[in-house]
Structures are given as structure tokens and as C-alpha cells.
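S.K.: Starting off with a structure, shown below.
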Amino acid sequence: MTPDTTEGLRAIVADPAGAVIGLDFDGTLSPIVPDPAAARIHPDGPGVLARLGDLVGAVVIVTGRPAAVAVEYGSLAEVPGLVVLGHYGLERWEAGRLSAPPVHPGLARVRDALVPLVAGFDGARIEDKERAVAVHTRQSADPQLALDALREPVATLAAEAGLAVEPGKFVLELRPPGMDKGVALSAFLRERQARSVLFAGDDLGDLAAFAAVRASGLPGVTVFSGSSEIVVEADIVVNGPDGVMGLLRSIADSIGA
601 MTPDTTEGLR
611 AIVADPAGAV
621 IGLDFDGTLS
631 PIVPDPAAAR
641 IHPDGPGVLA
651 RLGDLVGAVV
661 IVTGRPAAVA
671 VEYGSLAEVP
681 GLVVLGHYGL
691 ERWEAGRLSA
701 PPVHPGLARV
711 RDALVPLVAG
721 FDGARIEDKE
731 RAVAVHTRQS
741 ADPQLALDAL
751 REPVATLAAE
761 AGLAVEPGKF
771 VLELRPPGMD
781 KGVALSAFLR
791 ERQARSVLFA
801 GDDLGDLAAF
811 AAVRASGLPG
821 VTVFSGSSEI
831 VVEADIVVNG
841 PDGVMGLLRS
851 IADSIGA
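Convert by adding 600 to the 1-based position in the sequence shown; the result is the number in our numbering.
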């Protein structure tokens, strides 16, 4: 590890009350699966996060999913002090309460227009997240070919509806502009007056959060839990949710020692 990475981990362990542990959900806490509705947290996840929640200043999940869905799929309702920022930060779940702005009016337009657009690509499917709509090509015969072919027409449709496109691994998500994981994480760090931060993620949407860690000026650590499908710069690389659980458990052990 680099000296900065070591400093970040030491700061978390030495002053856990000032630490924010930020985490993506899919690919980080939950394995990637063909059907997003079938995703569930790693079996050790609820216990590890509950332990961390008792030790650090805050545990926050920043996800593209609806916040309540992440809580349900993660069995996270009992994690002490947990905050879930859903839809890249548009929604906030905390202590059983959900707050969110009105649904963007452009989403109704793209819901109708995407159906015939995606119908021409065998295996491509639409996921309606209420405050966002995602097009998945992972189950196509050639996922990358389908994704590349859909990229331009989806971008055109999003622009006409006043929406942004968030690309990921075999997914294009249409969502309201002006918010991303970096904006959400930065605001949360200020809110909690964080003195150190760790963020773990696995996909392109997490790069903004990685940048926010670096821009925060705090002792910080970025953790990549993804696959070789994308290449990113991160302080620590782990093997999917198994690796994330191992790292978080090690941090908790060091704090509790």
C-alpha cells in the first residue's frame, strides 16, 4: 500500500468516531447477478455492517438503487446509525424514514419510448426504478455489442427528456441530472464533519465518489471491488463482496483491538 493509503487506514482506526465508511451496494455488498431483482447482500454483510455501525462515526451506502430496496435486499434496517443514499443521492433513508424529491417528469416519456427501442435487442431488458430507468444488456448474446448499439439512441432520448445517462457494466441508466455519488458523498462528509473516509465501489458510477474522497482533503481510502471489465485507479483492490467483507472485518477488528 502507498503511504497515503496506510495513513487513511490508520486515521480510521485511530479515530473511528470521525470516520465515514461509504459503500456501493451492487458488486460491493451484493454479488452482481443477471436479474437485479435477485440481488441480495453477502451473507456476512448485515453482521459486519452492524458491528462497524457501533464503532465508526457513520456507515453510508450510496447506490443507484432506490434506498428502500437497498435496505430490503441488504437486510439493513437494524444496522446502527445507517444512512442509505439511493438514486445516487436523490433519496435518503435513515432510521426507517425515507425522504425524496418529486419524480422527474421526463421519466414518463422515456418509459414509453424505451420499450420499442430495446425490443430490437434480444436479451436486453428495462428496469424501472421509479426515479430512474435502466437498460441492461448483460443477458444479451453479445452484451457489449448491444450496449454499444443502444448507447447513442438512449443518449438522444435522455437529452430530449432532460435526463442524464449513467453508464455502467452492461447498463445504461437514465436519471435526473445534477446528482452523482461524488456530490452525495461530499455533502455527507460535510454534514458529519468527517475526519477520515473510506469508499468502496465496483462500477463507473463509483468513480465520482472515488474523486470525492481524493478531493475531500481528508485521510481517505478508495476500494475497488469490481472485475476486469473496467479498470480504475483505487488505493486497494479486493475480490468482490468477499473481499469487501474481509477488509471491513479487518478494520472492525483493528478498531476493537
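C-beta atoms are modelled at their ideal positions from N, C-alpha and C, and glycine is treated no differently.
1. Taking Cβ to Cβ, would you say Arg692 is nearer than 7 Å to Ala761?
2. Just the Cα atoms here: how many angstroms apart are Asp635 and Glu752?
3. Using the Cβ count rule (16 or more neighbours within 10 Å means buried), how would you classify Asp604?
4. Quick check on DSSP: helix, strand or coil for Ile641?
5. Contact defined as beta carbons within less than 8 Å: I believe Asp802 pairs with Gly826. What is the distance between those atoms, to the nearest angstrom?
6. In this structure, how does DSSP classify Ile830 when only helix, strand and coil are distinguished?
7. Since Val669 is in the alpha helix (DSSP H), which residue starts that stretch and which ends it?
8. For Asp802, which of helix, strand or coil comes out of DSSP?
9. Who are the Cβ neighbours of Phe625 in its own chain at under 7 Å, not counting the five residues just before and after it?
10. Are the CB atoms of Ser796 and Gly686 within a distance shorter than 7 Å?
11. Excluding five sequence neighbours on each side, which residues of the same chain lie with their C-beta closer than 6 Å to the C-beta of Thr628?
12. How would you call Val735, buried or exposed, if buried means at least 16 neighbouring beta carbons within 10 angstroms?
13. Only counting the same chain, and skipping five residues up and downstream in sequence, which positions put a Cβ closer than 8 Å to that of Ala650?
14. Is Pro767 helix, strand or coil by DSSP?
15. According to DSSP, simplified to helix, strand and coil, what is Arg775?
16. Can you tell me which of Asp615, Phe810 and Asp712 puts its alpha carbon nearest to the alpha carbon of Gln793?
17. List in chain order: all unbroken alpha helix (DSSP H) runs of 4+ residues lying wholly within the stretch 653–726.
18. Going straight from the alpha carbon of Val838 to that of Leu847, what length do you get?
19. Can you name the residues that DSSP bridges to Asp728?
20. Apart from the five residues just before and just after Arg640, which ones in its own chain have a Cβ nearer than 7 Å to its Cβ?
21. Leaving out the 5 sequence neighbours to the left and right, which residues in its chain are closer than 6 Å to Pro743 when beta-carbon positions are compared?
22. Is the beta carbon of Leu804 sitting closer than 7 Å to the one on Pro767?
23. Going by beta carbon distance, what residues of the same chain come within less than 7 Å of Ala834, once the five residues before and after it are set aside?
M.R.: With the structure as the only source:
1. no
2. 24 Å
3. Counting Cβ neighbours within 10 Å, Asp604 comes out exposed, since fewer than 16 surround it.
4. In the structure shown, Ile641 sits in coil (DSSP, three-state: anything other than H, G, I, E or B).
5. Between Gly826 and Asp802 the Cβ distance is about 3 Å, and since that is below 8 Å, they are a contact.
6. coil
7. Looking at the DSSP string, the run of the alpha helix (DSSP H) that includes Val669 is Ala667 to Gly674.
8. Asp802: coil per DSSP, three-state reduction.
9. Ile661, Thr663, Arg665, Ala670 and Gly674
10. No, they are not a contact pair.
11. Counting only Cβ-Cβ distances below 6 Å, and skipping sequence neighbours, we find Ala800, Gly801, Asp802, Ser825 and Val844.
12. Classification for Val735: buried.
13. Glu678, Val679 and Pro680
14. strand
15. strand
16. Asp615
17. 667–674 and 706–719
18. 8 Å
19. Val733
20. Ser630 and Tyr673
21. The beta carbon of Pro743 sits closer than 6 Å to the beta carbons of Thr737 and Phe770 from its chain, once the five residues preceding and following it are set aside; these are given in chain order.
22. yes
23. Phe810, Thr822, Val823 and Phe824
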